[in-house]
Ligand code: GDP
Ligand code: GDP
């Protein structure tokens, strides 16, 4: 499972500045796509070859006990409980605030590992900036500057030092059972879908306690094929015992997506596409997992409502145009066969083996049709392509002056490869490699 870092601290200490620095992705595929709305609080970072999840808990107001601030505090506490490591940010320019002590007490109670980071220390003497924060008794304060990036890398490396490098997907996935995560916001019908796939009795047999952030793994056999279903609705729906933990956990959803080969995103046709649906879609895109969209509760919808839903999807989820959409009813068990045909297709595309000669031939054709545009007086020259990974497939193109290649041209090439190799259902990454 991906390690999760929660950023905690009172307002204005620089949490969102740090969050933005950690989650800023170099992957142009997920930048600036029409309709893509990111969640400003949950994201994915990478340090070296280690990916991790990061949560900006927003303003921490430990002393309020009602209204919207209380709800925020609840979300913050949930994030702290679910995090593997907490980075507690304080402000080195303003100095120690009374509220910092309250937060420190709360963090000690949580028993999560905590790193204390003194922010805004650019141009200050580290020892002086951090001296007064020893009082919080949370270990040695680390001075950083989120705005300037100073000390941030060391901080994250320290936060993740106990987490192993992830295994290589390509080697571990070959010939294995596809892992399929069923994700979506609350009440879209995830449990109903899991039950429809597995049968009621089967699901109950898996009743087990777990923390909120744990998904349930279930074996599914369909038409002689095996799948592992990662059920994010799991714990809270089964039996009466676990009703207490009825909370939607974004971290659980993100972790399930990361663990899966294919995500089934369930949305509710009766409600249309909400911001939360778009956020979950954005995580899927960032993770690079294959995707099938299940537009659920299609039963009993009037024709004009159906047209409305389709327009909503065109407008708000256009960045998922690589995926297949299915209009299903989990309740009536309608459309599940086609849904799984697409799951199989998406898995196959995500794991496709693309040979260097084939890729290079497609590249040659593509550059013949449209040459890379001249940049700063020089036309980039693309020589050959090889596969750099799967799930998602990565095409690495070698050439000269590749720095000058524009995003629009990268997208053009991605479209050509997608078409040539029939990669429906999976994101596809195209990277450039200078020289060689
Ligand atoms: P949050 O409320 O904790 O999310 O804080 P923000 O990230 O919104 O930052 C609050 C203010 O502090 C903004 O004006 C930032 O530009 C500023 N800030 C954040 N990090 C640094 C830093 O490293 N150095 C300085 N000087 N200012 C910073
Ligand atoms: P979850 O929170 O995503 O797991 O959603 P549930 O599976 O608990 O479903 C939420 C509600 O939607 C329940 O009342 C279900 O009976 C209902 N529901 C689920 N699937 C369908 C469907 O295909 N059609 C209709 N009409 N209702 C459904």
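Residue numbers (the numbering used here): -7 to 428.
For every residue, glycine included, the Cβ atom is placed at its ideal position computed from N, Cα and C.
Since we're looking at a predicted model, the values are computed, not measured.
Which residue marks the beginning of the alpha helix (DSSP H) containing residue i, and which one marks its end?
i           : result
residue 265 : Per DSSP, residue 265 belongs to no alpha helix (DSSP H) and is neither H nor E.
residue 306 : 295 to 308
residue 337 : 328 to 343
residue 16  : Unbroken run through residue 16: none, as it is neither H nor E.
residue 247 : 242 to 251
residue 358 : 348 to 361
Output the distance between the C-alpha atoms of residue i and residue j, rounded to the nearest integer angstrom.
i           : j           : result
residue 326 : residue 258 : 14 Å
residue 333 : residue 246 : 24 Å
residue 208 : residue 11  : 29 Å
residue 72  : residue 424 : 39 Å
residue 168 : residue 218 : 9 Å
residue 183 : residue 395 : 47 Å
residue 50  : residue 68  : 8 Å
residue 227 : residue 79  : Summary for residue 227: the model assigns pLDDT 48, below 50, so the residue's position carries little reliability; its value from the coordinates is reported in the next sentence. So the alpha carbons of these two residues sit roughly 28 Å apart.
residue 251 : residue -7  : 7 Å
residue 170 : residue 418 : 14 Å
residue 268 : residue 225 : 16 Å
residue 0   : residue 152 : 17 Å
residue 387 : residue 349 : 12 Å
residue 90  : residue 124 : 12 Å
residue 41  : residue 382 : 15 Å
residue 306 : residue 313 : 9 Å
residue 282 : residue 115 : 45 Å
residue 117 : residue 85  : 11 Å
residue 122 : residue 82  : 10 Å
Over what stretch of residues does the beta strand (DSSP E) that includes residue i continue unbroken?
i           : result
residue 43  : 42 to 48
residue 381 : 373 to 381
residue 31  : Segment: none, residue 31 is in no beta strand (DSSP E) and carries neither H nor E.
residue 426 : 421 to 426
residue 131 : No beta strand (DSSP E) holds residue 131; DSSP gives it neither H nor E.
Would you identify the three-state DSSP class for residue i, choosing helix, strand or coil?
i           : result
residue 223 : strand
residue 210 : strand
residue 114 : coil
residue 8   : helix
residue 178 : coil
residue 125 : helix
residue 187 : helix
residue 456 : Because the chain is modelled from -7 through 428, residue 456 falls outside the range shown and cannot be assessed.
residue 429 : Because the chain spans -7 through 428 in this model, residue 429 falls outside it and cannot be assessed.
residue 146 : helix
residue 98  : helix
residue 273 : helix
residue 321 : strand
residue -1  : strand
residue 367 : strand
residue 36  : strand
residue 409 : helix
residue 163 : Confidence in residue 163 is poor, its pLDDT being 49 and thus under 50, which makes the residue's placement unreliable; the coordinate value appears in the next sentence. Correct three-state label for residue 163: helix.
Our contact map puts residue i next to residue j with C-beta atoms below 8 Å; I'd like the distance itself, whole angstroms only.
i           : j           : result
residue 106 : residue 134 : The Cβ separation is near 11 Å, so there is no contact.
residue 138 : residue 13  : 6 Å
residue 287 : residue 175 : Their Cβ separation, rounded to whole angstroms, is 14 Å, which puts residue 287 and residue 175 out of contact at 8 Å.
residue 366 : residue 377 : About 21 Å; that fails the 8 Å criterion.
residue 32  : residue 8   : 7 Å
residue 270 : residue 308 : 6 Å
residue 318 : residue 304 : Wrong, their Cβ atoms sit about 16 Å apart, outside the cutoff.
residue 104 : residue 75  : 6 Å
residue 186 : residue 221 : 6 Å
residue 358 : residue 385 : In fact, because the Cβ distance is near 16 Å, the residues do not count as touching under 8 Å.
residue 284 : residue 315 : 6 Å
residue 296 : residue 323 : About 21 Å; that fails the 8 Å criterion.
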